[in-house]
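Note that the protein sequences, when read in sequence, are chains A and B.
Take 1 as the starting number for the first sequence in the working numbering and just add one per residue.
Take 1 as the starting number for the second sequence in the working numbering and just add one per residue.
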Amino acid sequence: MTESIIGHRTTRIDGELKLTGKADYAADHNLLGQVYGYPVPSTIARGRLVGLDLEAARQSPGVIEIIHRGNFPALQHSDNNPACGSEGRLFHSPNTMAEQNKVGEARLPFEDDGIHYEGQYIAMVIADTFEHARAAARLVTARYEEEKAVPGLFQTDDEGEEAGDEAVSRGDPEGAFESAPVKFDHTYTIAMETHVAMEMHASIAYWDGDRLTVYESTQGVVFQRNAMAQIFGIPPEKVTVIAHYIGSGFGSKLFMWPHAVITAVAAKMVGRPVKTVLSRQQNFCSAGNRPASRQRIRMAADRDGRLKSIRHDSQNETSFVDAYTESVGSGTPRVYACDNVSVSQRRVEVNHGTPTSMRAPGEVSGSVALEIAMDEMAIELGMDPLELRRRNFAERDPSADLPWSGNHLRECWDDASRRFGWEKRNPEIGSMRDGHEIIGWGMADATWEAMRSHCKARVELRADGKVQVACGTQDIGTGTYTIVAQTASELTGVPIERIEVKLGDSTLPAGPLSGGSMATATVLPAVAGATRDAIEQLKQLAIADGAPFEGKKADALTFESGALSDGNRTLSFAELLDKLQRGMAEGEASAAPGDEQDKFSFRSFGAHFVEIRWDPGISRLRVSRVVSTIDIGRAINPLTARNQVEGAIVMGMGMGMFEETEYDPAGNIYNNNYADYIVPVHADIPDIEVELLDNPDFNFNEFGARGVGEIGITGMAAAISNAVYHATGKRIRDMPIKIADLIAS
Amino acid sequence: MMDDSVHSPDDALQPDASRSSNTVTVSLTINGEPVTLEVEPNVVLLDALRERLDLTGTKKGCDHGQCGACTVLIDGHSANSCLTLAVMHEGCEITTVEGLARDGQLHPVQEAFLEHDAYQCGYCTAGQMMSTVSMLNDKRIGSDDASVKEAMSGNICRCGAYKNILSAVQSARAKA
């Protein structure tokens with residue numbers, strides 16, 4: 001290969017399947033004998049289920065079974081009975097990241113008669129058609145003893161419970177705050193958001209004897225496989241979870257939700273494949289959310305703009321079922337140089353479904369508050385907001401006290417501010433106008449920690465001239481299929497058209513979750529290792545007795561452009577395998593992070609510059625321009641990587657201007673659909689210009705990639721709010737920004 | 001693989017006739033092929049395509065006409081297939097994403113979406129492309145970016161690949 005395909009703009013290898021309707025998403029599977037599940041949700045948010053009337057539903061056409069607390073398998077706590085496989089019983093998943101069996105909601109469906117949130121399952125109808133299941137589900141009536149719900153974080157005085165492991169403190173934040181000349185104490189809020197991935201959660205389950213197969217829209221086939229095995233008390237080898245294509249997840253599909261357990265039980269009870277596709281409304285209730293947060297920031301600086309103290313004390317919502325901690329302040333001790341910092345986090349129980357990770361979980365919420373606070377500090381000081389950030393650049397990670405592996409934030413500032421034209425900004429509020437419109441310019445930093453996990457992969461050099469790569473991770477739309485193929489192509493010299501990639505199947509060598517921006521850095525080293533191993537296996541075959549390179553030393557052979565050579569003779573791997581009458585040379589590898597985390601701090605940085613236009617005559621607020629420069633190490637595929645950042649910017653616009661899951665006082669969601677839960681659409685999209693710096697981070701992995709999914713959303717809503725302040729003088733600390741906030745006097 | 005043995009669209013999913021009632025026969029043309037369906041009147045077109053005919057390229061994103069993922073062409077015009085009943089389309093010509101490519105050759109809109117990376121997860125993509133095909137044939141809609149963005153705003157892309165979708169649409173227009 002003369003030209004590297006790593007770092008080269010590469011159209012998706014799965015593109016044609018997606019564009020012709022042939023890519024198989026979970027609910028696209030139609031199995032022989034398949035029947036349909038349709039859940040019956042609780043209509044109250046808190047109380048007790050005291051009666052279910054199923055008779056009308058049972059008489060409804062096509063109904064096969066109705067699953068509910070009365071006939072659902074009993075729970076047996078796994079810690080009471082480590083023996084597996086007790087027929088007719090279910091167990092709790094241990095629910096841990098380390099064992100890779102974490103679930104979205106630990107409570108099993110119908111486990112008790114308590115109702116903890118609206119939309120909690122109280123039954124599921126199984127019928128011969130989708131229409132019959134839906135019609136019957138609507139005939140189920142329930143009786144409740146209703147209690148007064150806690151409808152949300154902002155409607156309760158409960159202080160919540162301290163999440164002790166989130167607490168960070170260095171220096172003397174309180175003393176430094178008291179003695180500093182410039183300081184403030186403000187509170188910021190982020191509304192609850194819902195992922196609303198285009199593809200609704202879906203599960204198809206069937207049993208073949210004691211073997212369970214599940215088609216699930218999941219960001220983690222291995223996690224779901226392990227969790228199912230724990231819940232049913234069967235070995236993981238007896239569970240297969242398949243997710244070839246996922247209509248994205250943004251975190252909502254990382255960990256299994258209760259509908260999948262009910263569906264698997266249903267399949268066992270009726271002895272047929274059961275397909276359950278959650279309605280959009282149901283997706284809002286019982287499949288995770290970004291919890292609302294309330295954040296108090298006390299920030300102090302000297303008159304030169306050097307930060308003297310930051311205290312970041314936050315609360316997040318959790319459910320009454322699970323203790324979910326949103327690590328809101330996790331970035332605060334790391335991004336700026338400041339000797340006196342403390343962070344704390346509390347969880348407040350509310351009657352919502354359990355929260356889960358949503359794109360840049362925790363840190364994005366914290367970044368919005370912190371980056372608005374930085375803008376406020378700049379105003380207090382009469383300083384340019386970019387200059388304030390420059391004065392607080394962290395030369396090394398102040399929290400880990402380690403050098404950055406690569407912090408190119410200054411280059412991001414330089415590049416983005418130049419392209420944006422920041423030097424033309426008149427700092428005076430409302431001073432920049434274009435006709436009816438007042439223009440506001442704001443900026444914020446973006447950041448996300450780089451993480452890496454362990455991974456296995458298998459590579460086959462095949463006699464038909466193709467290379468097949470297999471890994472039990474997923475492509476949720478980020479482009480994993482393509483970067484895996486690029487990696488195998490790079491190392492074998494085989495054109496990408498002849499690389500086949502198998503992902504999204506728990507029977508493949510175990511791969512990571514598609515989340516946290518860590519799939520790229522986790523998967524590619526394993527794929528590279530397996531490719532090299534396959535090439536080595538090929539060499540061993542080639543030098544064996546009677547083989548074409550008999551008698552040569554393996555390390556005297558070169559492998560280039562898919563061919564083995566000793567300098568005189570060159571054979572493609574297909575020719576060689578053909579001569580040897582072998583189907584393939586197979587390689588496997590495991591890859592895991594080493595001790596690099598002890599030597600460096602790995603974190604990506606970037607900067608967003610945003611222009612908004614406020615038309616006070618018609619009360620219209622629009623984002624008109626976004627210029628962002630992001631350093632993610634190396635972009636393996638700049639085409640898909642830039643798309644990730646642009647998409648994250650769009651989601652950040654949603655966070656800043658539109659998105660809020662709203663509950664009435666009884667705890668019922670009243671915007672549980674795509675019309676009332678507002679997300680950005682085509683007409684909202686401004687001119688977005690993203691540049692990715694190319695500073696490969698070889699301390700992190702051999703490809704220099706730190707991952708790209710999350711960082712683009714961080715800071716984005718703050719940049720919008722800061723621009724709004726510049727235009728209007730209104731400091732909006734509550735996301736999303738509402739028109740009402742701007743027209744209030 | 002389980003699909004090979006169990007997946008059999010031809011004989012899958014036949015409703016239990018003994019307990020079904022009031023089915024209606026509807027004949028329509030889908031991607032140029034005549035199709036006859038026996039469905040109850042409340043079966044929406046989207047579910048008929050996906051669950052009865054195994055044409056699963058058309059996606060369900062909301063079931064309420066809010067997201068556009070289910071967009072198909074009905075007699076050449078784009079429509080949300082989740083908002084219309086199958087029985088209302090006797091004699092109609094339906095085009096789904098499976099009918100865009102001809103003779104193994106991608107439609108210019110599909111080619112443009114591939115080249116411009118006008119998607120991420122791919123779930124809204126069929127709807128985006130069907131709306132594009134319809135819009136490019138609609139003389140009432142201007143060719144400028146603002147008009148295209150307005151016309152396409154019924155098709156949500158939660159991945160936020162809007163910039164690339166716009167590029168793809170304008171590129172396909174240039175080639176058409």
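Virtual Cβ for every residue (Gly too), placed ideally from N, Cα, C.
- According to the DSSP assignment, Ile743 (chain A) belongs to the alpha helix (DSSP H) that extends over Ile739 to Ile743.
- In this structure, DSSP gives Glu596 (chain A) a helical state, which the three-state scheme calls helix.
- Closest option to Ala112 (chain B), judged by alpha-carbon separation, among A:Glu16, A:Pro73, A:Val50 and A:Val103: A:Glu16.
- The residue among A:Arg642, A:Phe110 and A:Gly472 with its C-alpha nearest the C-alpha of Thr11 (chain A) is A:Arg642.
- Excluding sequence positions up to five before and after His89 (chain B), its CB lies within less than 7 Å of the CB of Val26, Leu28, Leu45 and Ile74, all in the same chain and listed in chain order.
- Bounds of any beta strand (DSSP E) do not take in Val679 (chain A), whose DSSP letter is neither H nor E.
- Per DSSP, the beta-bridge partners of Trp441 (chain A) are A:Glu611.
- About 10 Å separates the Cβ atoms of Met657 (chain A) and Met716 (chain A), ruling out a contact at the 8 Å cut-off.
- In this chain, the beta strand (DSSP E) harbouring Phe559 (chain A) covers Thr558 to Glu560.
- Contact with chain A is absent for Asn80 (chain B), since none of that chain's Cβ atoms lies less than 8 Å from the residue's Cβ.
- Within the same chain, and ignoring the five residues on either side of Lys553 (chain A) in sequence, the residues whose Cβ sits closer than 8 Å to its Cβ are Ile543.
- In this model, Ser327 (chain A) and Gly362 (chain A) are separated by some 4 Å (Cα to Cα).
- DSSP places Ala133 (chain A) in the helix class (H, G or I) of the three-state scheme.
- In this structure, Pro509 (chain A) lies near Gly472 (chain A), with their beta-carbon atoms less than 8 Å apart.
- Taking a contact as a CB-CB distance under 8 Å, the pair Ser78 (chain B) and Cys70 (chain B) does not count as one, their CB atoms being some 11 Å apart.
- DSSP places Tyr481 (chain A) within a helical segment (H, G or I) once states are collapsed to three.
- Lys275 (chain A) is bridged by DSSP to A:Tyr36 and A:Ile204.
- Nearest CB-CB separation between Lys183 (chain A) and chain B: not below the 8 Å threshold.
- Non-local beta-carbon contacts of Gly171 (chain A) in its own chain, meaning distances under 6 Å to residues more than five positions away in sequence, involve Asp339 and Asn340 in chain order.
- Burial check for Ala174 (chain B): the Cβ neighbour count within 10 Å stays below 16, so the residue is exposed.
- Chain-order list of chain A residues neighbouring Leu73 (chain B): empty, with the shortest C-beta distance near 14 Å, by a criterion of under 9 Å.
- His682 (chain A) is a Cβ neighbour of Tyr162 (chain B), given a cutoff of 8 Å.
- The C-beta of Thr20 (chain A) comes closer than 8 Å to at least one C-beta of chain B.
- What Asp28 (chain A) touches in chain B, judged by beta-carbon distance under 9 Å, is Arg50, Asp54, Thr56, Gly57 and Lys59, going in chain order.
- Restricting attention to A:Thr356, A:Ala519, A:Ser293 and A:Leu742, the CA atom closest to the CA of Gly104 (chain A) is found in A:Thr356.
- Beyond the five residues adjoining it in sequence on each side, Arg452 (chain A) comes within less than 6 Å, by CB distance, of Met518, Ala521, Thr522 and Pro593 in the same chain, given in chain order.
- Where His312 (chain A) is concerned, the enclosing beta strand (DSSP E) starts and stops at Leu307 to Thr318.
- Val39 (chain B) sits close to Val87 (chain B), with the two beta carbons spaced by under 8 Å.
- Secondary structure at Ala589 (chain A): strand, using DSSP grouped into helix, strand and coil.
- In this structure Gln59 (chain A) is exposed. Its beta-carbon is surrounded by fewer than 16 other beta-carbon atoms within 10 angstroms.
- Interface criterion not met: the Cβ of Glu660 (chain A) is under 8 Å from no Cβ in chain B.
- For Phe130 (chain A), the neighbours in chain B by C-beta distance under 7 Å run, in chain order, Asp47 and Glu51.
- Using a Cβ distance threshold of 8 Å, Ile739 (chain A) and Ser619 (chain A) count as a contacting pair.
- Within a 10 Å sphere around the beta-carbon of Gln34 (chain A) sit 16 or more other beta-carbons, which makes this residue buried.
- Non-local C-beta neighbours of Leu85 (chain B) in its own chain, meaning closer than 8 Å and more than five positions away in sequence, comprise Pro41, Asn42, Val43, Val44 and Leu45, ordered along the chain.
- The alpha-carbon separation between His244 (chain A) and Ile310 (chain A) amounts to approximately 45 Å.
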